[in-house]
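Here is the structure we will look at.
Residue numbers (the numbering used here), protein chains in the order written: chain A, 95 to 449; chain B, 65 to 327; chain C, 9 to 442; chain D, 4 to 340.
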């Protein structure tokens, strides 16, 4: 009824290739952005902003990064957390060594370092294919974790390996309360999301998908596999690095290798798989699922039972429900939440008529 | 042989000289030489496993022969990556369709133009400046191809949902998008019904005439081959047993034997 | 179907953070970890903590006539989950949260800045950020009783006694087998300082997390031929270490563990390999103290025990949990003495902790006489530098292996002040207390 | 005479040209050279002990890796839940023993439970997802992993349980000055036996053949009338058996507790070196990883501050893959055009 493309004629290819060709989608996007930027800050309390929305956004960014690599370019990676760590530590080190440097530069630096490392560990992808490629990224994961734990230079010789992240300042404003942090994170994440969307619909994006879908054919039509794959690794780890820096500065307030362990890498992989490979919205949906559901269940646990059942039992039931949910969603829609959203839209397109 | 030489209306674009190709013990091609002349349609025929596809794979650089060499426009071609060969102006389709299944027909054909596009990360991230312009320009070109192949209606549909015949067309479109000088078609009409075959023949001929593209195609349907090709080369067990005008080849003793399995 | 589920989910989500009206009670946030690789260690501690709170409510009707109220939150030993719990619980209760006890060093670090902003004290008993013992720089953090560095000085003293006097340490070889993490590495500097002070030879052996297979490490240790081994592990690493030590023919008598390698979870699975193993502890072994009797009487026999009844007074980490409870309650109690019998806020409780003075009489009254030593907290000293008890595992239970061993603040304090003042400089904090 | 020699030479060249040969050969050579150097310059008894110890713990890893191989071989799925299954099996086993069930009975009962689990998994998870992409099945196992972890600790508990198989863990054979732990040797024997069993099973039984068929092509297997579902049940049950054995061995080593779910991580490099599809590969991979990491830790760790055990196996695996992209024993990936 309300979701109709009919009658929306594109008079130019430009219009047809715009980011959201369908009018209603654009509206929806504007509304969402408005909510994110204007409504949430008003209605949400510090708990919501600080410990639910910000982590959610940061991890979505990481998931977005991985989705570039795995979803678009088809290269599996189990080292996202390591690249996050690189971002965090690079940012921190630049910051403590050159304190007067503008903050956005610090974040960019974090991203770029991570991108460089990512490309190095991406090199094997030229020879190793499929699930075997996971080994390269796993090597990155464990090696980098070990590196940061062992060499005190990275932690600026602090007595304990854990560093408290220095305070953030952007254009002279102190970014110290959840609200301001939320705005910074949100802005960065939204920009990145649009950036990736643009890449996905232009030459590079097509090259990535070509490599993913059929690398021999891609090569035969003149796509340089090596360059394309490495570019994917670079962009992906750039986003991960950015996410890592944000995680350290905006979420935890500490920089420690243990915060970026293998478990985190798996989490991020789960996000894009559950959210939907090769779609920007998938990254957000997946992150929502993985980040919010446990917190939600945990809250419900204490909310509903009110301490009648031991917390231990609740914790274990949480695990089970979480796992059950994953399987359930797969059976309902194997291609992830993003696809589910698609189907919903197609249904909406025909509503109220069945065909 | 001489009747061929007589019939050269055009000059040599590629020549394959005495190539040998073998996988482990299996000899796929033995001392095969083949000349490809500009603006001609060359058909390679032969029984299954005669090494036809191997020829195409050598031309498009997916295989490199152990012996022999390939000359492109008079100069020898060393070991060279397929994507560079594509840049030289050689495009191809595959025997079993090799489309990018995750993408729409439009995107598939657009990807075919990637090698004509400029790459710049930042510009594309912001989808600004020349990045945007080139998208529009190439989109126009692609639309022309889409019109030419009469697949306007399925533009936006994911290729995985398209019927076989249409997929073949899209793949042809992807190859054409690169505006190649030499177009390699690996069984473009396999598994098609009569109408589809006729369409495809028309496309092939049109491409050859309108764009003046040289075409090498592999085909089993003798009728088709004899109708559309200027020259026919016959492979059998990795050896070239005949090469000439369709009518001569049809009359050739060795060819008949090869097909009827005599001798 | 799915849409309905999604909708319900979302509506539930909206419920979170909406705070209901509270009764007039002291609110004690209990952040525990009962799942994940460290869950086995986290669960008994949490049980002890909650049991003690329950017991206080049942026996004394709360503190100063005001009942205790608490909510448990699963952190899974992850900093991000802990921060979420912290933010969730910090504003609950009439007067807000009284005091947080993260029971994890990484967790501690992630809230050190936050507690200062939210004015909620942080008790990190026997763990956490060492240089936070300097109360003049860290007003809100309390590494009570004994921090990592003080502990390691006590350990060297104990080893000295074993060797027959500190002068005998000269020329001895001591191996430091540690969990390869921030926690494990932290005692490195202070040990080296003592090594050069007493002239013994020190070598560190990191164990890769989580330490399921330590053959290589212990072969290295054996090759080093140490006279004594310091075991600084956590979780599954400990018992594996003890077993591998036995396989490497290193007698358990020569292995001295830290407080976090000192529970039945570490010794029992190691079987006979652990017999004779000694480790440090903040309290005396044995379950004969009144406090445990009370817990049994008022909580478990009343049928609302938190964990299994066997662990009461018998499980080391359970005792640690009880000790956490004791400190929390005593702090609140101290605060009520000053601010009157109403729900205490974090700020008031902070004063309470800072003025803790556990004299023998007080301990007597609390039913924990010589369970823990006397301690006195001051504005500058947030630790108390309490002496340490060493315990020996005899195959079935821990028994005292030493008298109370005092820590060497002459070594520790300067290091702490150096480190904390550096922090102050970095953050631009002006020291208090004088 | 001359041309015979030539023939032989050619044959040798043929063999030498195979990558696998080159690899194993170079490994062998380097090991020999290394051991020579050690014999001459170092405490070689100690080296021997490290070497053997490494091999033995390697076998412990491959014991876990086997479970992955089975399921991957038959369904191409990387079963993320294998670690959880090990935990579940071990917990069930130890709790039954604590209830006073004799060891053999406990083992049988646990096996029964694992079979039931396998059936349940097939019914509830795999059947609705048949003919889906492998990545999706992989995801399903992720869900399973969480579920089983939760269930294992809910049904039983999350305390640490001592599992005593009645084997003295500290007795050791003494080879010169080197100790070789008897328990480890036994574990190695168990693993070896299991591999032999599975290898025979795959080779000679009807189910085994069906399994291989399924592994090659689901559709084809179905079309010739192989019941995919029952096959899956068999496979998951077999994986359950492996999980049980691994759980028993690791459980008696570490005590049965949540942490043994994490040994799965140790299995990944083993799989990658050995190849996901090869049962003997899992063992060889385990041996390489085991003694590789131990030697590295003991002889190289010192130079870089130690604790390199976590990442060294992956670097090793990476090198192997650079030479042979499908692992030492994995089936060769052939791309048709």
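Glycine included, every Cβ here is placed at the ideal spot set by N, Cα and C. A quick note: this is a predicted structure, and the numbers were derived from the prediction, not measured.
Given a threshold of 16 other Cβ atoms within 10 Å of its Cβ, counted over all protein chains shown, does residue i qualify as buried or as exposed?
i	result
residue 78(B)	buried
residue 230(C)	buried
residue 280(A)	buried
residue 213(A)	buried
residue 441(C)	exposed
residue 331(C)	buried
residue 411(C)	exposed
residue 219(D)	exposed
Would residue i pass as a contact of residue j if the rule is Cβ separation under 8 Å?
i	j	result
residue 114(D)	residue 201(D)	no
residue 283(C)	residue 263(C)	no
residue 52(C)	residue 361(C)	no
residue 68(D)	residue 214(D)	no
residue 315(D)	residue 295(D)	yes
residue 317(C)	residue 374(C)	no
residue 57(C)	residue 354(C)	no
residue 121(C)	residue 338(A)	no
residue 220(C)	residue 257(D)	yes
Where does residue i fall in DSSP's three states?
i	result
residue 244(A)	helix
residue 286(C)	strand
residue 194(C)	coil
residue 8(C)	Lying outside 9 to 442, the shown extent of chain C, residue 8(C) is not represented and no answer is given.
residue 211(C)	strand
residue 91(B)	strand
residue 27(C)	Residue confidence is low: residue 27(C) scores 48 on pLDDT, short of 50, so the model does not pin down where it sits. Its coordinate-derived value is still stated next. Of the three classes helix, strand and coil, the one that applies to residue 27(C) here is coil, per DSSP.
residue 235(D)	helix
residue 168(B)	strand
residue 417(C)	helix
residue 101(B)	strand
residue 189(A)	helix
residue 147(B)	helix
residue 131(C)	strand
residue 70(B)	Here the model assigns residue 70(B) a pLDDT of 39, short of 50, so the residue's position is not dependable, and the following value carries that caveat. Looking at residue 70(B) - three-state DSSP - the assignment turns out to be helix.
residue 74(C)	strand
residue 48(D)	helix
residue 436(C)	coil
residue 341(A)	helix
In the DSSP assignment, the beta strand (DSSP E) including residue i goes from what residue to what residue?
i	result
residue 336(C)	Note, residue 336(C): premise wrong, no beta strand (DSSP E); alpha helix (DSSP H) at 324-347.
residue 38(C)	34-40
residue 181(C)	181-187
Since residue i sits in a beta bridge, which residues does DSSP pair it with?
i	result
residue 133(B)	81(B)
residue 184(D)	175(D)
residue 265(C)	239(C) and 287(C)
residue 348(A)	258(A)
residue 249(B)	281(B)
residue 35(D)	Answer is none; residue 35(D) lacks a bridge partner.
residue 174(B)	Paired residues: none, contrary to the question.
Taking the continuous alpha helix (DSSP H) assigned at residue i, which residues delimit it?
i	result
residue 121(D)	106-124
residue 132(D)	Counting along the chain, residue 132(D) falls outside any alpha helix (DSSP H), and DSSP gives it neither H nor E.
residue 315(D)	315-326
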